[in-house]
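In the numbering used here, the protein residues as written are 12 to 135.
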């Protein structure tokens, strides 16, 4: 299987939707996408040894996948955004939400600007 390379589309703050589509495709292909929605499994207080061992294996797999997913996302950012988001996030889910928030703030600012501009034009 040939994996998709995201070198050509690094998120630079302007190309969010294209970058997001490519990242979703890559992370699903690598089977890491689940860590963006699933929480890390926990060990129940009272479990049998065999059951606890399986749960611990699931926890370790989730942590390993989260690490790989986070670094795939980080590597798809421009250098400036890489350093900005690397310092602010500890897991893949938080990192994934960062560019979405940036894009949401840009949309909000653009819409506010359009409304203000529209109101300004209405005034005599």
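The C-beta atom is built at its ideal place from N, Cα and C for all residues, glycine as well.
Next item on the list: Report the rounded CA-to-CA distance for residue 111 versus residue 69, giving the unit in angstroms.
Entry: Approximately 28 Å, taken between the alpha carbons.
Notebook entry, point to check: Whose CA, out of 38, 31, 53 and 99, lies closest to the CA of residue 77?
Noted result: Of 38, 31, 53 and 99, the smallest CA-CA separation from residue 77 is found for 38.
Next item on the list: Quick one: give me the first and last residue of the alpha helix (DSSP H) that residue 43 is part of.
Entry: For residue 43, there is no enclosing alpha helix (DSSP H), as DSSP gives it neither H nor E.
Note to self: Assuming residue 85 and residue 106 are in contact, meaning their beta carbons sit under 8 Å apart, how far apart are those beta carbons, in whole angstroms?
What the structure shows: Contact holds; Cβ gap of about 7 Å.
Check: Below 8 Å between beta carbons: does that hold for residue 44 and residue 35?
Finding: Cβ atoms of residue 44 and residue 35: closer than 8 Å.
Notebook entry, point to check: Can you round the beta-carbon distance between residue 63 and residue 54 to whole angstroms, since I take them to be within the 8 Å contact cut?
Noted result: Confirmed, Cβ separation roughly 6 Å.
Notebook entry, point to check: Do residue 99 and residue 109 have their C-beta atoms within less than 8 Å of each other?
Noted result: Closer than 8 Å, so yes.
Next item on the list: Compare the C-alpha of residue 30 against each of 95, 88 and 102 and name the closest.
Entry: Between residue 30 and the set 95, 88 and 102, the nearest pair of CA atoms involves 88.
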